[in-house]
Amino acid sequence: MTDEAKFDRHWRSICHVSPCKVSELDDFIALHYLSKRPAIVLLAMQISKGDKPIGCIVYSAPPRQIETRYQGVTWELARLYLLDEIPRNAESWAISQSIKWIKKNQPDVQYLVSYADPSAGHSGCIYLAANWLPDGMTDDDRKTPRADYFDARTGKKYGRRGNMPQDAIVERRPRVSKHRFKYIVRKTP
106 MTDEAKFDRH WRSICHVSPC KVSELDDFIA LHYLSKRPAI VLLAMQISKG
156 DKPIGCIVYS APPRQIETRY QGVTWELARL YLLDEIPRNA ESWAISQSIK
206 WIKKNQPDVQ YLVSYADPSA GHSGCIYLAA NWLPDGMTDD DRKTPRADYF
256 DARTGKKYGR RGNMPQDAIV ERRPRVSKHR FKYIVRKTP
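Mapping of the sequence shown onto the numbering used here: residues 106 to 294, in sequence order.
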């Protein structure tokens, strides 16, 4: 492995993470495996190497039950994307830079939460590398597993049956439970 292939001290010295408008990140969000913005964006950050954008981090409002679970103001790290040519370990560095910004500029935020989707090949190793804590699976507390709905004619996925076209051929598939990770930004008083 060459020095250029490592996210080392040199890379860290020429890269930075800074807030921006979410519309400035649309090209990166389109490359993310979910390929769409989260519903309620709270913070959009661009990751840059010098003047060149190389990725993004987007924080959003978490699912309703999360603030109850953690009993404090919580943001969800909902999108993280870096170009493939960026060396390994840049993700955990970018996450840590975004957390430093949140600690300095968002004193009300107490917790961060994020999810790793096994169906997309994600295990959460970047969160562990960034000192996040494993917090179970998304369906651990559910009595019945969640499901997605697919139109068998088109293969298109729908999160709710009510969102499907009237003439759809409905196929219900169990949803894969995701790994949940939390980060304690500041202790509650």
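The beta carbon of each residue, even a glycine, is placed where N, CA and C say it ideally should be. In this text, all values refer to a predicted model and were calculated from it rather than measured experimentally.
According to DSSP, residues forming a beta bridge with residue i
i       : result
Trp-180 : Leu-217
Ser-165 : Val-146, Glu-181
Gln-271 : Per DSSP, none; premise fails for Gln-271.
Pro-239 : Phe-286
Limits of the alpha helix (DSSP H) - the one that residue i falls within
i       : result
Asp-132 : 131-136
Ser-197 : 195-210
Buried versus exposed, by CB contacts within 10 Å (16 or more), residue i
i       : result
Val-290 : buried
Gln-176 : exposed
Val-275 : exposed
Ala-110 : exposed
Thr-179 : buried
Lys-287 : buried
Endpoints, the beta strand (DSSP E) within which residue i is located
i       : result
Ile-119 : From DSSP, Ile-119 is part of no beta strand (DSSP E) but of the alpha helix (DSSP H) over 114-119.
Ala-252 : 252-256
Alpha-carbon spacing of residue i relative to residue j, whole angstroms
i       : j       : result
Asp-108 : Ala-195 : A caution first: Asp-108 carries a pLDDT of 45, below 50, which makes its placement in the model unreliable, though a value can still be read off. Cα to Cα, Asp-108 sits roughly 14 Å from Ala-195.
Asn-268 : Ala-144 : 16 Å
Met-106 : Trp-198 : Reliability fails at Met-106, whose pLDDT of 38 lies under 50, so the model's placement of it is uncertain and no value is given.
Tyr-220 : Tyr-232 : 9 Å
Ile-162 : Pro-212 : 19 Å
Val-281 : Asp-245 : 12 Å
heavy atom of the ligand MG below 6 Å from residue i C-beta
i       : result
Ser-219 : By its list of ligands, the structure shown contains no ligand whatsoever, and the ligand MG lies outside what it can speak to.
Inter-stretch contact at 8 Å, needing at least 3 Cβ pairs: the stretch 117-126 / the stretch 136-145: no
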